[in-house]
Amino acid sequence: MDNTFTVSLKQQEKFAFKVNWQQDSLEPLLTDEPKPLGEGKGPNPTRMLAAAVANCLSASLLFALGKFGNELTGLEASIEGTIERNDDKRWRIALLEVQIKLPQEIAKINFAERALQQFESFCVVTESVREGIPVRLSVQDSSGKTVHQSEK
Numbered sequence: 000m001d002n003t004f005t006v007s008l009k010q011q012e013k014f015a016f017k018v019n020w021q022q023d024s025l026e027p028l029l030t031d032e033p034k035p036l037g038e039g040k041g042p043n044p045t046r047m048l049a050a051a052v053a054n055c056l057s058a059s060l061l062f063a064l065g066k067f068g069n070e071l072t073g074l075e076a077s078i079e080g081t082i083e084r085n086d087d088k089r090w091r092i093a094l095l096e097v098q099i100k101l102p103q104e105i106a107k108i109n110f111a112e113r114a115l116q117q118f119e120s121f122c123v124v125t126e127s128v129r130e131g132i133p134v135r136l137s138v139q140d141s142s143g144k145t146v147h148q149s150e151k
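Counting along the sequence shown from 1, when you hit position 15 you're at 14 in numbering that gives the first Met the number 0, and nothing is skipped either side.
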């Protein structure tokens, strides 16, 4: 795995940017700030960071469960972010709360407890973000039973 990556941005108008992922297989993405600062034509960086955290945790959990022969499809995740002003009155992400819903009951998943104990530490994005933003996580199985919680 290459240890570096490049993403480039080009301003389109006001606060809208075209993001180029520097990978031929990926289409560029338009980002924008919500009104009144921007026009809300695309996700803003705050939402993209939140999506990256939820996606990385979901992928890490699927990978960990897959190591034990589980092939899950239909996993769902949602993330709620809280922004607050810091001591300098600047907006900052104060908390990210992730909920992952497994597509089946925990009892039907091989070595689920072991995978749940390990998967977070392999999530590159979340563990990097946690250096500055608390991330609270809850995993439920298909019956709604909470099978894992953490806050770091």
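We put the beta carbon where it would ideally sit given N, CA and C, even for glycine.
Here the C-alpha atom of S77 lies approximately 17 Å from the C-alpha atom of A93. Taking the Cβ atoms as the reference, E104 lies roughly 18 Å from S57, outside the contact range of under 8 Å. L29 is positioned such that its CB atom lies no closer than 8 Å to that of K13. Between V124 and C55, the CB-CB gap stays under 8 Å. Checking the DSSP bridge columns, you'll see R135 partnered with E96, E150.
Excluding residues up to 5 positions away in sequence, nothing lies with its Cβ nearer than 6 Å to the Cβ of G143 in the same chain. Restricting attention to G73, K151, E79, the CA atom closest to the CA of L101 is found in G73. Here E32 is buried: its Cβ has 16 or more other Cβ atoms, across all protein chains shown, within 10 Å. Ranking V52, F4, P35, A106 by CA distance to the CA of V128 puts V52 first.
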